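Engineer: Start counting at 1 in the sequence shown, then tack on 236, and there's your number in my numbering. One structure, as structure tokens, below. Some questions next.
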Amino acid sequence: MHGKRGVVMGVANDRSIAWAIANACAAQGAELAFTYQGEALGKRVRPLAESVGSDIVLPCDVSDDAAIDATFAEIERIWGKIDFLVHAIGWADKQFLRGRYVDTPRDAFLTAMDISCYSFTAVAKRAAAMMNPGGSMLTLTYLGGERWMPHYNVMGVAKAALEASVRYMAADLGPDNIRVNAISAGPIMTLAANGIGDFRYILRWNQLNAPMERNVTLDDVGGSGLYFLSSLSSGVTGETHHVDCGYHIVGMKNPNAPDI
Ligand code: NAD
């Protein structure tokens, strides 16, 4: 990754998936710029960025087009060109991440879609305009976009749309030699995951029933992120790649797993 420059969006703290991917890229010599949502998180992100030699740390609320424009204009002013983009952002009102999906009101649906799906399209457009050929964009999704998962509700619907947007953008940007992929990560306890009902039960269920009989780690996802953002995956685009200790292949409960 020496000589490559990437924008990482979605670090909230050192348990963020974005941070794991950033670390893996920095360890291989990438130069990084970070964006954060709101000054409270900015205070956490700045020392993390410094620890990997980055002094480009910019606010960007992805629900605001003007903020996205300003952030990418500033990155373009400093760097000119970029080589990769990490979008590890999702949000839905946690009031609706429990109970029945069918009860989701219109405004909660639209906000979840806006921040968790459309924001990737919005930032990809700005990033593509300043991306070198051979560039790579990566977002994060979850199996709840492919299958029903308890409590995931409107986020599952948003992730399904996000995964579709990955395929459409892969086709749009492929002729410019820019790749677009998603990692579908297994459950990891992060700030965002904390808002999902019964998340500890989901973690335990995955641990017992995944083929590898463990939960995925931040390092697992970081390593796969590095693969997608580097030339090691130069022929891969439009993919939703599961990094979940194999849980996505499971058809029924592991008969050897204890009841929980
Ligand atoms: P996290 O809380 O560390 O990161 C979520 C980030 O989204 C935060 O940095 C937050 O500031 C940002 N964000 C939310 N609304 C925003 C807005 N309007 N503008 C800018 N940023 C905004 O949690 P995480 O688990 O690392 O989440 C990263 C991504 O990974 C999300 O898309 C999430 O859905 C996905 N994911 C998480 C898991 C898991 O189990 N943790 C599994 C699969 C996929």
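Don't be surprised by glycine CBs; every beta carbon is placed ideally from N, CA and C. Since the structure is predicted, the reported quantities are computational estimates derived from the model, not experimental observations.
Return yes when the Cβ of L277 is within less than 8 Å of the Cβ of A248, no when it is not.
Structural biologist: yes
Engineer: Whole angstroms are fine: how far does the CA of G335 sit from the CA of D291?
Structural biologist: Inter-residue distance for D291 and G335 is about 43 Å (C-alpha atoms, whole angstroms).
Engineer: For K240, I'd like the list of residues in its chain whose CB is within less than 6 Å of its CB, leaving aside the five on either flank, ordered along the chain.
Structural biologist: Taking K240 as the centre and dropping the five residues before and after it, the same chain places the C-beta of A266, D319 closer than 6 Å to its C-beta, in chain order.
Engineer: With 16 as the cutoff for other CB atoms within 10 Å, does H478 come out buried or exposed?
Structural biologist: buried
Engineer: Taking only heavy atoms of the ligand NAD into account, decide whether any of them is closer than 7 Å to the Cβ of S252.
Structural biologist: At least one heavy atom of the ligand NAD is nearer than 7 Å to the Cβ of S252, so yes.
Engineer: Starting from V281, follow the alpha helix (DSSP H) in both directions and report where the run begins and ends.
Structural biologist: Start and end: 275–287.
Engineer: What separation, rounded to the nearest whole angstrom, lies between the Cα atoms of I438 and V416?
Structural biologist: It is roughly 28 Å from the alpha-carbon of I438 to the alpha-carbon of V416.
Engineer: In this structure, how does DSSP classify G370 when only helix, strand and coil are distinguished?
Structural biologist: strand
Engineer: From the DSSP output, which residues share a beta bridge with I318?
Structural biologist: M367
Engineer: What is the DSSP secondary structure of V472, reduced to helix, strand or coil?
Structural biologist: Annotated three-state conformation of V472 is coil, per DSSP.
Engineer: For the ligand NAD, which residues have a Cβ under 5 Å from at least one heavy atom, in chain order?
Structural biologist: G246, A248, S252, I253, Q273, D297, V298, S299, A324, I325, G326, W327, I351, L376, Y378, A421, P423, I424, T426, L427, A428, A429
Engineer: Using a C-beta cutoff of 8 Å, does G459 count as contacting chain C?
Structural biologist: This model lacks chain C altogether, as it is built from one protein chain only.
Engineer: Using the Cβ count rule (16 or more neighbours within 10 Å means buried), how would you classify Q273?
Structural biologist: buried
Engineer: Starting from the Cα of G410, find the closest Cα among Y378, A364, W384, M385 and give me that residue.
Structural biologist: For the options Y378, A364, W384, M385, the alpha carbon positioned closest to that of G410 is the one of A364.
Engineer: Which residues in the same chain have their Cβ closer than 7 Å to the Cβ of M237, if we skip the five residues on either side of it in sequence?
Structural biologist: C261, Q264, G265, A266, S466
Engineer: Compare the beta carbon distance of V402 and M245 with 8 Å and say whether it is the shorter of the two.
Structural biologist: With respect to the 8 Å criterion, V402 and M245 are not classified as neighbours on the basis of their beta carbons.
Engineer: Is I304 buried or exposed, if buried means 16 or more other CB atoms sit within 10 Å of its CB?
Structural biologist: buried
Engineer: Where DSSP assigns a beta bridge to A358, which residues make up the other side?
Structural biologist: In the DSSP assignment, no residue is bridged to A358.
Engineer: Tell me the rounded alpha-carbon separation between F435 and T476.
Structural biologist: Per the coordinates, the alpha-carbon of F435 lies some 23 Å from the alpha-carbon of T476.
Engineer: Determine the DSSP secondary structure at E449, reduced to helix, strand or coil.
Structural biologist: coil
Engineer: DSSP state of L376, grouped into three classes?
Structural biologist: strand
Engineer: State the Cα-Cα distance for the pair A396 and E382, rounded to the nearest angstrom.
Structural biologist: One C-alpha to the other measures close to 6 Å.
Engineer: Between I311, W441, M349, which lies nearest to T377 when the distance is taken from Cα to Cα?
Structural biologist: M349
Engineer: Figure out for me which residue from G242, V243, I253 has the closest Cα to the Cα of G422.
Structural biologist: Nearest of G242, V243, I253 to G422, Cα basis: I253.
Engineer: If you compare alpha carbons, which of T453, W441, L468 is closest to A493?
Structural biologist: Looking at T453, W441, L468, the one whose alpha-carbon comes closest to that of A493 is W441.
Engineer: Taking only runs that begin and end inside the segment 317–353, name each unbroken beta strand (DSSP E) of 3 or more residues, in chain order.
Structural biologist: 318–323
Engineer: Measuring alpha carbon to alpha carbon, tell me which residue in C353, A309, P369, R342 is nearest C296.
Structural biologist: Ranking the options by Cα distance to C296, first place goes to A309.
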